[in-house]
Amino acid sequence: MKREFLKAMGLTDEQIDKIMSEHGTTVNTIKGERDNLATERDSLKDEIKNRDGQITALEKTAGSAEDVQKELQRVKDENAKWESKYAGTLLDAKIQLAVAKDANDANDILFFIKKDGLKLAEDGSVEGLGDQLKSLKETKPYLFNASAQQQETPSPGGDQTPPPPAGFTPGAQQRGNNPKDPDPAALALADIERRHGKQKEESQ
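Each step along the sequence shown adds one to the number in UniProt numbering, with nothing skipped, and position 45 is 45.
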């Protein structure tokens, strides 16, 4: 979130400072959650690697012994559980990061996100999440910060000009509304054309 955007909306410096402070707190919280997820993810990756090593070792000595085959299957099943948990943790982390950038409070938006059908794409994005976020921006815009709402609702005709500041009065001399002084040359030219037109009418 940029101060210039908030200032263009007509907010005072005091209001902007409060918003930026609150936004900073939210960002720091999200970063902390992201770091925790990254730590858990790395731990799961190490566990999976360790269990893969166990499987490889057992396969080399398996032979036809029934007890070894049972142990091999047990380790494979356990490994599958860890892989599923790792995939779920990674998906949660990607969803949180995608939601946080436009949210007033990421947890409020996550409450409405349906994980069924969401999956990680090869490029690391979350397939299906964009459609859900777009729908929420239309039905529950209060969940998103002003910047995200501005991006989703452009002015008619594609005009992206920020709205006038609060207290703006057309034609009034005030901050945020300072019309330029008339160009003397333009005024003189207009006066000549007006007189010329009037003389032409009188001669007809």
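Idealized CB from N, CA, C, for every residue including glycine. None of the values given here were measured: they were computed from a predicted structure.
With 16 other Cβ atoms within 10 Å as the buried cut-off, status of residue i
i, result
"residue 69", "exposed"
"residue 144", "buried"
"residue 87", "exposed"
"residue 17", "exposed"
"residue 102", "buried"
"residue 14", "exposed"
"residue 106", "buried"
"residue 12", "exposed"
"residue 114", "exposed"
"residue 38", "exposed"
Residue range of the unbroken alpha helix (DSSP H) whose run includes residue i
i, result
"residue 106", "106-110"
"residue 88", "66-100"
Residue i - partner residues in DSSP beta bridges
i, result
"residue 126", "120"
"residue 57", "Residue 57 is not bridged to any residue."
"residue 144", "103"
Residue i and residue j closer than 9 angstroms at C-beta
i, j, result
"residue 215", "residue 120", "Absent from the structure is residue 215, since the part of the chain shown begins at 1 and ends at 204."
"residue 72", "residue 58", "yes"
"residue 22", "residue 48", "no"
"residue 79", "residue 52", "yes"
"residue 55", "residue 76", "yes"
Residue nearest to residue i in terms of C-alpha spacing, selected from the options
i, options, result
"residue 127", "67, 103, 116", "116"
"residue 89", "104, 73, 44, 53", "44"
"residue 110", "133, 123, 125, 122", "133"
"residue 104", "34, 55, 26, 52", "26"
"residue 97", "30, 20, 19", "30"
"residue 130", "99, 140, 139", "99"
"residue 140", "55, 9, 108, 4", "108"
"residue 112", "32, 137, 125", "137"
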